[in-house]
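Enquirer:
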Amino acid sequence: MKLHKTYQLTDIASLIDAQIIGDPEFPVTGINEIHKVTPGDVTFVDIEKYYKKALTSDASVVIIDKKTACPEGKHLLVVDKPFNAYNFLAKYFRPPYFNQNGQSANSSIHPSVIIENGAIIADHVEIGEGTVIKANAVIAPHVKIGKRVIIEQGTVIGSDAFYFKKENGKHTHWHSCGRVIIEDDVHIGAVCSIARGVSGDTIIREGSKLDCHIHIGHGVVIGKHCLIAALSGISGKTIVGDNVTIYGQVGIAQNLHIGDGVTIYAKSGVMEDLEAGKTYFGSPTSEAREKMKEYIMLKKLPEIWDKVKRMV
Amino acid sequence: MKLHKTYQLTDIASLIDAQIIGDPEFPVTGINEIHKVTPGDVTFVDIEKYYKKALTSDASVVIIDKKTACPEGKHLLVVDKPFNAYNFLAKYFRPPYFNQNGQSANSSIHPSVIIENGAIIADHVEIGEGTVIKANAVIAPHVKIGKRVIIEQGTVIGSDAFYFKKENGKHTHWHSCGRVIIEDDVHIGAVCSIARGVSGDTIIREGSKLDCHIHIGHGVVIGKHCLIAALSGISGKTIVGDNVTIYGQVGIAQNLHIGDGVTIYAKSGVMEDLEAGKTYFGSPTSEAREKMKEYIMLKKLPEIWDKVKRMV
Amino acid sequence: MKLHKTYQLTDIASLIDAQIIGDPEFPVTGINEIHKVTPGDVTFVDIEKYYKKALTSDASVVIIDKKTACPEGKHLLVVDKPFNAYNFLAKYFRPPYFNQNGQSANSSIHPSVIIENGAIIADHVEIGEGTVIKANAVIAPHVKIGKRVIIEQGTVIGSDAFYFKKENGKHTHWHSCGRVIIEDDVHIGAVCSIARGVSGDTIIREGSKLDCHIHIGHGVVIGKHCLIAALSGISGKTIVGDNVTIYGQVGIAQNLHIGDGVTIYAKSGVMEDLEAGKTYFGSPTSEAREKMKEYIMLKKLPEIWDKVKRMV
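Protein chains in written order, with my numbering: chain Y, 440 to 751; chain U, 440 to 751; chain A, 440 to 751.
Now the structure itself:
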């Protein structure tokens with residue numbers, strides 16, 4: 440995430456009670472996970488074998504648990520528990536809960552927006568012209584919704600990333616400070632959940648239409664003019680191209696790339712990247728034509744078994 | 440949908456700024472998609488090769504984009520964009536949103552009905568004696584619920600049909616003006632969604648019991664005394680018979696017919712009609728006994744492979 | 440369920456208008472299904488072939504539809520319709536609906552708990568220190584939630600068990616009077632549903648993390664430090680061990696036992712007990728290594744078919 444304004448390193452340090460190695464006046468502009476960092480960002484490291492990776496990344500500031508030689512142009516914030524400090528900053532700059540009881544504060548909602556009874560609009564939300572938020576839907580903090588979008592009943596935009604830090608067999612909640620961005624003319628059906636990014640954004644591009652009970656994981660990007668049918672789920676950070684059609688009850692694993700114009704038939708389980716323009720089926724998926732041949736072959740199995748038995 | 444009263448054709452024409460070819464005093468009684476029309480209905484056509492189909496259908500009035508020879512007993516409404524005009528009428532006569540802020544208007548709710556905190560009852564809703572609507576459920580406009588029905592928490596009755604008009608690679612929202620009808624003694628579990636019909640009705644017949652996270656598509660009919668387990672989905676316009684048992688995470692494609700007394704095992708994917716009284720399994724489904732044989736054969740495959748290799 | 444205080448048998452009898460055979464002052468302490476009973480409990484029987492089972496069970500009191508020889512130490516309550524009488528008691532002692540309009544009565548909620556807008560907290564609920572209940576979540580009556588728990592938006596804790604009494608082809612709602620217990624440091628994602636036990640408890644043990652759209656059936660126990668991904672469902676009374684990892688869209692049938700440390704890959708369908716420490720895949724599941732071999736063999740099928748054809 441980018442901070443809403445620039446802070447001096449010393450301000451950040453005092454929030455987490457850190458010792459500065461570097462320039463106290465260095466301008467800090469963002470907070471990000473290690474694989475999302477750009478110059479101006481704070482990140483953290485707490486395992487010695489990853490020190491080098493963190494210190495040579497694009498991050499300008501590294502929260503670290505030991506005093507270490509600091510490369511030129513980098514700045515260190517030394518604390519006992521870097522993950523806790525990082526999580527504190529993420530929560531401080533993007534608090535997960537409502538600031539105001541019963542009121543949406545610091546939000547920018549076009550006067551034409553229809554908000555039905557029971558829908559909850561959190562703080563720091565933007566909603567564009569002609570959009571409809573139906574009954575009992577929830578728009579969580581820092582979500583950005585475009586024009587002429589329809590959010591159906593009971594849907595949650597901006598739930599937490601399912602993302603934890605594992606230590607000694609326990610899982611610690613990693614505060615998600617990313618956003619959800621819904622572009623113009625998107626339709627999201629009833630009782631869906633769109634998770635926010637961990638530190639980046641989850642994006643649904645213009646004109647895409649989602650049916651009901653769909654889960655979109657953290658940091659996923661859905662391209663333009665896609666159709667996704669009910670009860671499908673897309674795991675964290677997967678990138679879906681434009682004009683993709685996904686039938687019902689499909690599951691797509693994390694960190695994959697689904698090419699433009701792909702069609703995925705119902706109940707498929709996608710475990711690898713899919714090539715643009717092709718049609719897939721099955722779990723794990725193959726090209727639909729290949730999969731159909733397999734099904735035909737399966738029906739022949741008793742006959743094969745019979746012949747093979749007689750030959751021996 | 441049938442209109443709540445009869446209108447003269449001239450009233451309809453003025454709503455959509457149309458030129459009338461026919462009798463301005465013709466009594467209009469409904470608005471429907473082309474495959475749902477009955478006499479008295481308005482429908483639309485905007486593709487020349489479908490003109491004949493529309494003009495020879497049971498519809499009495501056709502919204503059309505060009506002046507055309509009008510058959511005996513039919514009436515035309517000429518506009519530039521027939522789909523937009525049709526969508527306007529559907530919204531006008533069955534507005535998708537609440538008319539009253541925080542109040543359910545024009546609804547008929549039996550005094551014995553229990554409505555828990557946070558449940559939203561929209562306008563033009565009917566609810567019968569002894570029914571319970573639990574916390575944060577949503578009953579959308581024009582839904583009709585019978586006696587002794589239980590609607591669990593967070594469930595949405597009457598979400599939009601997942602139905603769009605595709606033009607030039609973009610999908611335009613088709614306003615659903617159909618209803619949902621829930622008959623007596625039905626149970627619908629938590630966080631389900633039951634979509635309204637596009638212009639007809641979605642119906643859950645008496646005594647059927649649905650578990651949680653179930654999606655019922657637009658225009659689906661579920662027969663009497665069915666059981667449907669969690670996370671299953673049934674696509675648009677599929678007809679399910681009486682006494683059908685559907686286990687968890689089953690998906691059924693659209694426009695199918697599932698016979699009375701069918702049993703469908705968990706995680707099945709149904710892609711064709713199923714015969715009454717039989718038991719099915721797999722994706723795509725076969726009769727359960729056949730499918731079980733396939734699974735046994737699959738386990739024999741390494742042995743078959745071994746024998747075939749040695750023979751060659 | 441255990442009653443909140445001890446009642447005399449005569450008090451119970453008068454609630455359901457029953458004739459007592461036994462000691463009117465016998466102290467009644469609980470109401471339970473036949474397979475959950477302990478001494479002091481009331482249960483019911485209405486089918487003659489199950490009389491013996493009920494009368495020799497650990498239950499002290501049996502609601503029965505005919506006067507019968509009463510074994511030493513047992514007590515009978517004779518009524519016309521034992522199931523209706525049992526259901527009446529279950530509802531009387533644990534009413535399913537809110538007692539107070541808009542207010543949570545008799546609940547114990549730590550002052551540090553954050554309850555976001557639109558979240559509904561029913562009566563007789565306990566919530567521990569540092570817990571967060573997000574927007575539009577529902578905590579149903581008699582749910583117990585530990586410390587530092589996060590319940591995401593739109594999630595329902597304590598929906599009804601999907602449990603009916605079947606008679607003459609109809610299914611009668613069996614009132615669930617069990618509870619849900621969520622231990623410390625649990626995370627439950629958006630739009631999940633956790634069903635209450637029929638007469639026992641559904642339990643999520645400490646540190647377990649559930650993603651979105653997950654259904655947990657009645658009486659299920661999830662062990663410590665489990666991870667469950669989106670759109671998975673676990674059926675009634677299944678026991679899941681500690682440190683189990685369940686990927687997305689998995690389904691687990693009822694009454695199973697999943698051993699400690701098991702991993703279940705995405706979209707699997709579990710139909711039998713799984714051994715501790717192993718990894719499973721497929722529907723029906725096999726050990727993942729075996730399943731992977733099957734998939735490889737499937738790809739060889741055209742080659743096998745080809746060879747077999749040429750041999751004949």
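Note that beta-carbon positions come from the ideal geometry of N, C-alpha and C, so glycine has one too.
1) Hey, is E733/U's beta-carbon within less than 7 Å of any beta-carbon in chain Y?
2) Going by DSSP, what residues sit across from P466/U in a beta bridge?
3) I'd like to know whether the C-beta atoms of H657/Y and A634/Y end up nearer to each other than 7 Å.
4) Tell me which residues of the region 628 to 658 of chain U have at least one Cβ-Cβ distance to chain A shorter than 8 Å, keeping chain order.
5) On the three-pair Cβ rule with 8 Å, is the region 659 to 676 of chain A touching the region 506 to 523 of chain A?
6) Under 7 Å, Cβ to Cβ, is there at least one residue of chain A near Q447/U?
7) Is L516/A near A574/A, with beta carbons less than 7 Å apart?
8) Just to make sure I have the definition right: I need the residues of chain Y whose C-beta is within less than 9 Å of the C-beta of A692/U. Which are they?
9) Is there a Cβ from chain B that is less than 7 Å from the Cβ of A574/A?
10) Can you tell which of V619/A, I655/A, R644/A and D599/A has its C-alpha closest to the C-alpha of V564/A?
11) With 7 Å as the threshold, decide whether the Cβ of M736/Y is near any Cβ in chain A.
12) Which residue comes first and which comes last in the alpha helix (DSSP H) that contains I733/U?
13) Considering only the beta carbon of each residue, do D595/Y and S632/Y sit closer than 7 Å?
14) Quick one: Cα of A705/U to Cα of H652/A, how far?
15) Residues of the region 599 to 616 of chain Y in Cβ contact with chain A at a cutoff of 8 Å, in chain order, please.
16) Can you tell me whether S499/U is buried or exposed? The criterion is at least 16 other CB atoms within 10 Å of its CB, across all chains shown.
17) Using three-state DSSP, classify Y525/Y as helix, strand or coil.
18) Reducing DSSP to helix, strand and coil, say where H654/A ends up.
19) Return no unless some Cβ of chain Y is closer than 7 Å to the Cβ of Y719/U.
20) Counting only runs of 3+ residues fully inside the region 631 to 716 of chain U, write out the beta strand (DSSP E) ranges in chain order.
21) Keeping to the same chain, check which residues put their C-beta closer than 8 Å to that of S496/U; ignore five residues upstream and five downstream.
22) For a test of the three-state rule: what should DSSP assign to S547/A, helix, strand or coil?
23) Using C-beta distances below 7 Å, list every residue in its chain close to A727/A, excluding the 5 sequence neighbours before and after it, in chain order.
24) What residue from F603/A, Y489/A, H626/A and I566/A has the CA that sits closest to F603/Y's CA?
25) A561/U: which of F522/U, S598/U and Y489/U sits nearest, CA to CA?
26) Compute the beta-carbon to beta-carbon distance between K709/A and G690/A, rounded to the nearest angstrom, for a pair I have assumed lies under 8 Å.
27) Is G569/Y closer than 7 Å to S551/Y when the C-beta atoms are compared?
28) Is DSSP giving S598/Y helix, strand or coil here?
29) I743/Y touches chain U at which residues, Cβ-Cβ below 8 Å?
30) For Y686/A, which residues from the same chain have a beta carbon less than 7 Å from its beta carbon, with the 5 sequence-adjacent residues on both sides left out?
31) Which chain A residues are close to I460/Y, counting only those with a beta carbon under 8 Å from its beta carbon?
32) Can you grab the Cα-Cα spacing for the pair D504/A / Y490/A, in whole Å?
33) Tell me whether the region 440 to 450 of chain A and the region 730 to 738 of chain U touch, counting them as touching only if at least three CB pairs, one residue from each stretch, are closer than 8 Å.
34) Answer with yes or no whether the minimum CB distance from G557/Y to chain U is below 7 Å.
35) Where do the ends of the alpha helix (DSSP H) carrying Y719/U lie?
36) Hey, is S722/U's beta-carbon within less than 7 Å of any beta-carbon in chain Y?
Expert: Short version:
1) yes
2) Q447/U
3) yes
4) G628, A629, V630, G646, K648, D650, C651 and H652
5) no
6) no
7) no
8) Y686, G687 and A705
9) You won't find chain B in this structure, because its protein chains are Y, U and A.
10) V619/A
11) yes
12) Sequence check: residue 733/U is Glu here, not Ile. Its alpha helix (DSSP H) spans residues A727 to M750.
13) Reading the sequence as shown, one finds Val at residue 595/Y and not Asp. For V595/Y and S632/Y, yes; Cβs fall inside 7 Å.
14) 17 Å
15) D599, F601, F603, G608, K609, H610 and H612
16) buried
17) helix
18) strand
19) no
20) 632 to 634 and 640 to 643
21) I473, V476 and T482
22) strand
23) Y704, T718, Y719 and F720
24) H626/A
25) S598/U
26) Note that residue 709/A corresponds to Val in the displayed sequence, not to Lys. Sure, about 7 Å apart at Cβ, within 8 Å.
27) yes
28) strand
29) I743
30) A668, I703, Y704 and A705
31) Here the premise fails: no neighbours, minimum Cβ distance about 33 Å.
32) 10 Å
33) no
34) yes
35) Counting along the chain, Y719/U falls outside any alpha helix (DSSP H), though it belongs to the beta strand (DSSP E) covering T718 to F720.
36) yes
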